[in-house]
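Numbering (our numbering), first residue to last: 36 to 335.
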């Protein structure tokens, strides 16, 4: 039974592997994207500088400026208690002499407001950096930003995983057809690892432009969030060589999904050795996938 299941899996066309793998990856992304969004928020908040003593000094200076401005526009001691009129109002007293002083006061007020605004921003960033994961998720939910930016990421994942699983199935099929002798189990492990490496490298080379555009969308460098439109615009502006910037780092990161897929395949094969099992139950497949991802994350 196990051999029949393995044979049926091996005989499935590469397109079936590609569609199943890409849809599964996209669904997993949509389910856990809020956690990824919260992780990015927490990391960006933690990287913000905390409120320093210099900021307190600036606020004290702002208070002094505000007091100075209020003092300059307050009524004169000689006119205090008198009814307001064009002759006694302080704004009309010595207007030619005080015009430059009033303009200076206005500039100081605007500067003070800018400094207060920047201080408020820094303080809110400090509070944001102290958020817990649950608090961050609640805040993003209230702001309706839990799935902010998910569309280009989902499109990129769908395309990337489709290419990976298709190439993996094709390469593994070719390796199995070219094998001559040797243990079936050892061949299967070696072919799975080799096909995963080759599929990962091919995937990086083909989809790196999508990840470059994705990063530009996330950082706000684009006018829209349409992945394919911005891909065309970026090629027109920066040229094709720019679309493969950072490829060397991506090639190094290929080891993560390769190790994950290899561990998953080996654990699945070990569970299907029993004659009573021909296919993994969904829950067992879920836990095996989670274990494989954990091993790959810790290793890389």
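Ideal placement from N, C-alpha and C gives every residue a C-beta, glycine not left out.
inquiry  = Can you give me the C-alpha to C-alpha distance between residue 250 and residue 308, rounded to a whole angstrom?
reply    = Looking at the two C-alpha atoms, the distance is approximately 43 Å.
query = Exposed or buried, residue 269, counting other C-beta atoms within 10 Å across all chains shown (16 or more means buried)?
reply = Flag for residue 269 reads buried.
request  = Please name the residue, chosen from 324, 259, 179, that lies closest to residue 60 on a Cα-to-Cα basis.
outcome  = Per the Cα distances, 324.
task = Can you grab the Cα-Cα spacing for the pair residue 52 / residue 299, in whole Å?
result = Answer to the nearest angstrom: the Cα atoms are 15 Å apart.
Supposed contact pair residue 206 and residue 347 - C-beta distance, whole angstroms, cut 8 Å = Since the first and last residues shown for the chain are 36 and 335, residue 347 lies out of range.
key: Local conformation of residue 285 per DSSP, three classes   = The answer is helix: DSSP assigns residue 285 an H, G or I state.
inquiry  = So for residue 314, helix, strand or coil by DSSP?
reply    = In this structure, residue 314 counts as coil in the three-state DSSP scheme.
message = So within the region 164-193, which uninterrupted alpha helix (DSSP H) runs reach at least 4 residues, ignoring any that extend past its ends?
response = Whole alpha helix (DSSP H) segments, 4+ residues: 168-177.
inquiry  = My output table needs one value for residue 251: the three-state DSSP class, helix, strand or coil.
reply    = Helix.
ask   = Three-state secondary structure (DSSP) at residue 47?
value = Three-state DSSP puts residue 47 in coil, outside helix and strand.
ask   = Where does residue 201 land, buried or exposed, given buried means 16+ other C-beta within 10 angstroms?
value = Answer is buried; the Cβ neighbour count reaches 16.
query = Does the distance from the CB of residue 191 to the CB of residue 239 come in under 9 Å?
reply = In this structure, residue 239 does not lie closer than 9 Å to residue 191 by Cβ.
task = For residue 74, count neighbouring Cβ atoms within 10 angstroms of its own Cβ and tell me buried if that reaches 16, exposed if not.
result = Answer is exposed; the Cβ neighbour count stays below 16.
task = Buried or exposed for residue 195, please, with buried defined as at least 16 other CB atoms from any protein chain shown within 10 angstroms of its CB.
result = Residue environment analysis places residue 195 among the buried positions, since at least 16 neighbouring C-beta atoms fall within 10 angstroms of its C-beta.
message = Am I right that residue 252 and residue 264 are in contact with their C-beta atoms under 8 Å? What's the rounded C-beta distance?
response = Taking the Cβ atoms as the reference, residue 252 lies roughly 10 Å from residue 264, outside the contact range of under 8 Å.
request  = State buried or exposed for residue 321, treating a residue as buried only when at least 16 other CB atoms are found within 10 Å of its CB.
outcome  = Burial call: exposed.
key: Inter-residue Cα distance where the pair is residue 273 and residue 306   = When the Cα atoms are used, residue 273 and residue 306 turn out to be separated by approximately 50 Å.
ask   = With 16 other CB atoms within 10 Å as the buried threshold, where does residue 204 fall?
value = So residue 204 ends up on the buried side.
request  = State the DSSP-derived secondary structure class of residue 211, mapped to helix, strand or coil.
outcome  = Residue 211: helix per DSSP, three-state reduction.
ask   = Heavy atom of the ligand MN less than 8 Å from the Cβ of residue 198, yes or no?
value = As presented, the structure is devoid of all ligands, the ligand MN included, so that no description of it is given.
task = Using only alpha-carbon positions, find the residue among 229, 70, 211 that is nearest to residue 170.
result = Closest option to residue 170, Cα to Cα, is 70.
key: With 16 other Cβ atoms within 10 Å as the buried cut-off, status of residue 242   = Its Cβ being crowded by 16 or more others within 10 Å, residue 242 is buried.
task = Have a look at 78, 244, 297 and flag the residue whose alpha-carbon is nearest the alpha-carbon of residue 279.
result = Nearest neighbour of residue 279 by Cα position, chosen from 78, 244, 297, turns out to be 244.
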